[in-house]
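Using my numbering, the first residue of the sequence shown is number 792, and each one after it goes up by one.
Beneath this line is the structure, given in structure tokens, with notes to follow.
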Amino acid sequence: MSPIIVIGTGLAGFNLLKELRKLDQETPVILLTSDDGRNYSKPMLSTGFTKSKQADELAMGGPEQTATAFNATVRTGVTVTAIDRAAKEVVLGDERLAYSKLVLACGAEVFRPPLEGDGLDRVYTVNDLMDYARFREAVAGKKTVLITGGGLIGCEFANDLTNGGYQVHLVEPVGRCLPALLPEQASLAVSDALSKLGVVFHFGVFVQRVDQHGDGVRATLSDGSTVEADLVLSAVGLRPRIALAEAAGLETGRGIRVDRCLRTSDADIYALGDCAEVDGHVLLYVLPLMAAARALAKTLAGEETPVSYGVMPVSIKTPACPVVCMPPPAEVAGEWEFEIDGHHVKGLFRDAEGQLRGYALTGDACGERMKLNKELPALF
Ligand code: FAD
């Protein structure tokens, strides 16, 4: 019988294998990855300077350990170039591998906005352990980092690099940080705390050019001002990797569309993690992928199981001003109400019936998360 093939050894692929082996030790499983296949927790990448961790120290095990511990074949440094659904094979350049079931756990890719200039080789992104190793090497012995993007990843790195002794400039086109996750009052608490730590914010502008300047770069912003730094860390956003699925004719939207059983528009192909759009939800976080891995493992072991998302709050690792939030669904009308005490903000979003539909907590108010989670309706 052909094996189950999983594309991706990130948290989604790895946890699916781990959960599947609790239920089924025999069915052959092959994991394929274009990276080095080391097992690591991606959220740790944006706390590595605070904790003084090099890439090797963040790796929890190599691909051989995964293969042995979970009776699987792990092939690293291989890129799936196509899916032949009619033949039920994945294509790796000249090679073809047959599957019984295929799981897409291929993650999200970094969005790269168009930039001009001759300093683009000093613009880095960190979306996996290998990126992190390259960035650590590049930034060693340097002093100043310009971060583009003030979302979760940009703010976490701003805090982390500052803790690591770097001068950080952060450019965010929207006039405040974490605009997609927080209401303005909570954003202000975070940017204020990070400013006090030493982060210099450039709000309402974007980076147009990055040019070489001495040993570093000079970035030109959209208002004509310039910022000099040793290098740039681009954290503008992530997008689900859908190209492979799209080329194979699978249904895609923002992510690879799957039903609550994580099944794509092809009955033998599933998707989970950052690449997936689960019943309309694209959530690039760990909690949803863990729930999906548990459910999909059961389905693959023969017990059809829909995933249940419950409440999925987002924690932001900015120790200068910790954040936990549950953004209200876009289609829900309602109002925010706030209690603000310095950096400690409690924002509650209620709909017209008075039902809690979202929250934003910063500082000490984060302690209320458990109580509030119980009041929130499940996502599904
Ligand atoms: P990935 O880890 O991206 O894995 C994708 C895999 O697919 C890789 O193995 C890759 O090699 C492989 N692949 C892709 N295409 C191919 C191909 N064609 N052929 C072969 N292999 C392929 N979430 C939280 O919940 N809390 C946090 O605090 C948090 N912090 C974060 C901090 C940072 C810096 C980042 C970048 C993300 C953070 N996240 C956080 C998000 C979270 O880490 C991700 O949601 C999660 O790790 C995604 O896992 P994944 O397995 O879906 O994707």
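For every residue, glycine included, the Cβ atom is placed at its ideal position computed from N, Cα and C.
Item                                                                                                                                                                               : Value
How about L972 and P1118: do their beta carbons lie closer than 7 Å?                                                                                                               : yes
For the stretch 888-925, which segments carrying the beta strand (DSSP E) assignment without a break, of at least 3 residues, lie completely within its bounds, in sequence order? : 892-895, 899-901
For N950, name the three-state secondary structure that DSSP assigns.                                                                                                              : helix
With a cut-off of 8 Å, do at least 3 Cβ pairs link the stretch 894-912 to the stretch 1000-1018?                                                                                   : yes
At a cut-off of 6 Å, is N806 close to the ligand COA when judged by its beta-carbon and the heavy atoms of the ligand?                                                             : Summarising the ligand content, the structure contains the ligand FAD and does not contain the ligand COA.
Could you check which residue in P1079, W1127, R1048, F861 has the C-alpha nearest to that of A1036?                                                                               : R1048
For D1002 versus K933, is the C-beta distance shorter than 7 Å?                                                                                                                    : no
What residue range does the beta strand (DSSP E) around T864 cover?                                                                                                                : 864-866
For G804, which three-state DSSP category applies?                                                                                                                                 : helix
Can you tell which of R887, P904, A873 has its C-alpha closest to the C-alpha of C897?                                                                                             : A873
Could you check the C-alpha separation between L888 and R967 for me, to the nearest Å?                                                                                             : 48 Å
Buried or exposed for V998, going by 16 or more other Cβ atoms inside 10 Å?                                                                                                        : buried
Distance, Cα to Cα, V1114 vs Y1076?                                                                                                                                                : 15 Å
Count the other CB atoms within 10 Å of the CB of D919; is the residue buried (16 or more) or exposed (fewer)?                                                                     : buried
Run the proximity test for S825: is its beta-carbon closer than 6 Å to any non-hydrogen atom belonging to the ligand FAD?                                                          : yes
Can the beta-carbon of A1112 be found less than 7 Å from the beta-carbon of G1154?                                                                                                 : It should be noted that the sequence gives Cys, not Ala, for residue 1112. The answer is yes: Cβ separation under 7 Å.
What is the C-beta distance between A1026 and F948, in whole angstroms, given that I count them as a contact (C-beta under 8 Å)?                                                   : 6 Å
Over the uninterrupted alpha helix (DSSP H) stretch that includes V981, give me the two end residues.                                                                              : 975-988
Once you ignore the five residues that flank T1096 on each side, which residues in its own chain have a CB closer than 6 Å to its CB?                                              : A1086, K1089, T1090
Touching or not, the stretch 982-989 and the stretch 949-965, by the rule of three or more beta carbon pairs under 8 Å?                                                            : yes
Whose C-alpha, out of L802, F805, L811, is nearest the C-alpha of E1094?                                                                                                           : L811
Quick check: the Cα distance between S1099 and G956, rounded to an integer number of angstroms?                                                                                    : 42 Å
Could you check if K1162 belongs to the surroundings of the ligand FAD, using beta carbon to heavy atom distance under 6 Å?                                                        : no
Under three-state DSSP, which class holds L1063?                                                                                                                                   : coil
Quick one: using the 10 Å Cβ neighbour count with 16 as the cut-off for buried, is S1016 buried or exposed?                                                                        : exposed
Let's see if you can read the secondary structure: which residues bound the alpha helix (DSSP H) around T1198?                                                                     : Residue 1198 lies beyond the stretch modelled for the chain, which goes from 792 to 1171, so this question has no answer here.
By a C-beta neighbour count over all protein chains shown, 10 Å radius and 16 as the cutoff for buried, is S843 buried or exposed?                                                 : exposed
Can you tell me whether P1104 is buried or exposed, with buried defined as 16 or more other CB within 10 angstroms of its CB?                                                      : buried
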